[in-house]
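For what it's worth, the UniProt record's numbering labels the leading residue of the sequence shown as 1, then goes sequentially. Beta carbons: idealized from backbone N, C-alpha and C, even for Gly. In this text the structure is predicted, and so the values were computed from the model without any measurement.
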Amino acid sequence: MCHFLMCGSVLTTSKPTSTDSFVYSRYSAPNSKRFETVLENLFGGGIMTYSTGLAAFHAIMVLLVPKRIFLGDGYHGVHGNIDLMTKLTGVKKLGLDQLDQIQSGDVIHIETPVNPTGEARNLSYYSSIARRAGAYLTVDATFGPPPLQDPLQFGVDVVLHSGTKYIGGHSDMMCGILVVHPQRVTEGWVDTLYSERLVMGNVMGNLEGWLGLRSLRTLDLRVTRQSQTAESLVNWIYQEMRDSTSVVGRVVDDIRHASLQDQDLRDGWLRKQMPRGFGPVFAIWMKNADQAKSLPSKLCIFQHATSLGDVESLIEWRAMSDDSCDRRLLRISCGLEDPADLRRDLLEGFKALCHQVPKSD
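Structure (structure tokens):
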């Protein structure tokens, strides 16, 4: 095995054990090691941490070097990362409606719940396709962190989390997390990821390791409450918008969230996959783009921000950060405020839009 020599200590390219001394921060550091150890117990798989969620996704691409990757619309940053990899490796990007072309060694990459709508995807379905073809299944579960779902139970090879969001939960840290299925750990995937992280240098900061440990202590409480709040608001908006004469019905055109996937709930897979809640994020479409752009400025509790996962509720006019989105779309991330206060805040914002004079062309 190749090794590095520094300060009289041998740095191997295998992931350090709990008995190894700390020599160089890119190799290992006390806070990040503790953070990864707790994450291993939480997720039940091999853990690697990175500087950001996109850095973690890039690590997947470097590890697997697929010729083809199949994915949906999802997060625009992931698509940008794949475009960069296409320049280096020639990887082809295909849609989930083209899975009849899948071959051995290809990658299916699924977001569930999906950014920005919060809708869920059936992991058992995609896992069966990947296994039959000899392909790999990777899942971005950022919008459904523990305790909401456990993708490893459904045959996922690698689970990705942007720890910047719900794992961190306070908008004060950035990190990415990969959770490797135990079977793939025995095949050396974690050691390979470690050696590649060592030379790419995309390690998580030492302060982020400490902040991550702090955040994990409240993860269950935060995410469960945020998910319950989202479901409550979604149900209220959905019921109100069906009445075209109501305040909500006059300005809101559509709403999406996993809790509204009635057929999937009847089929049973959705409740099995997400037994403790359907996620803190949902999306609404306003009647027009001007209303969508204006609504955040009409709110008092919801803060207009492009991130999510904070203890504070956030709303984003999605076109501000992703110009490929429908300009009527708003993404909402629920925090820990009283759900009744959040409902009143949205209602007052909707009322303000009702009195807003439409802009002339």
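Same chain, Cβ closer than 6 Å to residue i, five either side skipped, listed in chain order
{"i": "Glu111", "result": "Gly74 and Asp140"}
{"i": "Tyr194", "result": "Lys15"}
{"i": "Tyr166", "result": "Pro145, Val223 and Gly309"}
{"i": "Val203", "result": "Arg26"}
{"i": "Ser9", "result": "In this prediction, Ser9 scores a pLDDT of 45, lower than 50, which makes its location untrustworthy; no coordinate-derived value is stated."}
{"i": "Glu40", "result": "Ile47"}
{"i": "Asn31", "result": "Asn206, Gly209 and Trp210"}
{"i": "Asp106", "result": "Pro66, Arg68 and Ala135"}
{"i": "Val159", "result": "Val139, Ala141, Pro151 and Val179"}
{"i": "Trp189", "result": "Val180"}
{"i": "Leu84", "result": "none"}
{"i": "Gly90", "result": "none"}
Residues that DSSP places opposite residue i in a beta bridge
{"i": "Glu111", "result": "Asp140"}
{"i": "Asp254", "result": "Trp285"}
{"i": "Met200", "result": "Paired residue(s): none; Met200 is not in a bridge."}
{"i": "Met48", "result": "Leu178"}
{"i": "Ser162", "result": "Gly176"}
{"i": "Arg331", "result": "Ala283 and Glu316"}
{"i": "Arg68", "result": "Lys92"}
{"i": "His304", "result": "Ile315"}
Residue from the options with nearest C-alpha to residue i
{"i": "Gly349", "options": "Pro66, Ala319, Val251 and Asp323", "result": "Val251"}
{"i": "Asp172", "options": "Ala289, Cys334, Ala55 and Gly205", "result": "Gly205"}
{"i": "Leu346", "options": "Trp269, Val247, Gln273 and Gln263", "result": "Val247"}
{"i": "Pro285", "options": "His109, Phe43 and Pro116", "result": "Per the sequence shown, residue 285 should be read as Trp rather than Pro. Answer by Cα proximity: Pro116."}
{"i": "Ser227", "options": "Asp243, Ile332 and Gly80", "result": "Ile332"}
{"i": "Thr138", "options": "Gln103, Val180, Lys67 and Leu353", "result": "Val180"}
{"i": "Pro113", "options": "Asn122, Val156 and Phe35", "result": "Asn122"}
{"i": "Ala29", "options": "Ser162, Arg132, Gly80 and Leu207", "result": "Leu207"}
{"i": "Val78", "options": "Asp322, Asp338 and Gln356", "result": "Asp322"}
{"i": "Val311", "options": "Val159, Asp97, Gly44 and Thr164", "result": "Thr164"}
{"i": "Leu265", "options": "Ala120, Thr142 and Glu36", "result": "Ala120"}
{"i": "Gln183", "options": "Gln101, Gly44 and Gly90", "result": "Gly44"}
{"i": "Thr49", "options": "Arg225, His161 and Lys287", "result": "His161"}
Neighbourhood of residue i by C-beta distance below 8 Å, restricted to the same chain and skipping five residues each side
{"i": "Arg343", "result": "Ser232, Leu233 and Trp236"}
{"i": "His304", "result": "Pro296, Ser297, Leu314, Ile315, Glu316 and Trp317"}
{"i": "Thr218", "result": "Gly169"}
{"i": "Glu196", "result": "Ala59, Val62 and Leu63"}
{"i": "Lys351", "result": "Val247"}
{"i": "Leu211", "result": "Gly168, His170, Asp172 and Met173"}
{"i": "Val156", "result": "Leu123, Ser127, Leu137, Thr138, Val139 and His181"}
{"i": "Cys354", "result": "Val247, Arg250 and Val251"}
{"i": "Asn81", "result": "Leu54, Phe57, His58 and Met61"}
{"i": "Leu213", "result": "Asn31, Arg34, Phe35 and Val38"}
{"i": "Gly201", "result": "Arg26"}
Beta-carbon gap between residue i and residue j smaller than 9 Å
{"i": "Ala230", "j": "Ser259", "result": "yes"}
{"i": "Ile108", "j": "Phe154", "result": "no"}
{"i": "Gln103", "j": "Ala133", "result": "yes"}
{"i": "Lys87", "j": "Arg68", "result": "no"}
{"i": "Val185", "j": "Gly46", "result": "yes"}
{"i": "Met241", "j": "Asp254", "result": "yes"}
{"i": "His76", "j": "Ser324", "result": "yes"}
{"i": "Leu216", "j": "Leu42", "result": "yes"}
{"i": "Gly72", "j": "Leu96", "result": "yes"}
Cutoff 9 Å: residue i Cβ touching any chain B Cβ
{"i": "Met274", "result": "No chain B appears in the structure shown, which is made up of a single protein chain."}
Own chain, CB closer than 7 Å to residue i, minus 5 neighbours either side, in chain order
{"i": "Asp341", "result": "Ile301"}
{"i": "Cys7", "result": "Because the pLDDT of Cys7 is 40, which lies under 50, any placement of that residue in the model is unreliable, and the number read from its coordinates should be weighed accordingly. Within the same chain, Cys7 has close Cβ partners Val23."}
{"i": "Asp361", "result": "Because Asp361 sits at a pLDDT of 47, beneath the cut-off of 50, its placement in the model cannot be relied upon, and the following sentence gives the value as read from the coordinates. Nothing meets the Cβ criterion."}
{"i": "residue 362", "result": "Nothing about residue 362 can be read from this structure; the chain reaches only from 1 to 361."}
{"i": "Glu337", "result": "Ile301 and Ser313"}
{"i": "Gly118", "result": "Phe143, Arg256, His257, Ala258, Gly279, Val281, Phe282 and Ala283"}
{"i": "Gln101", "result": "Leu94"}
Is the segment 142-155 close to the segment 270-282, with three or more CB pairs under 8 Å? yes
Evaluate the contact criterion for the segment 317-334 versus the segment 277-297: three or more CB pairs, one atom per stretch, below 8 Å. yes
I want to know whether the segment 37-54 touches the segment 174-192 - three or more CB-CB distances under 8 Å. yes
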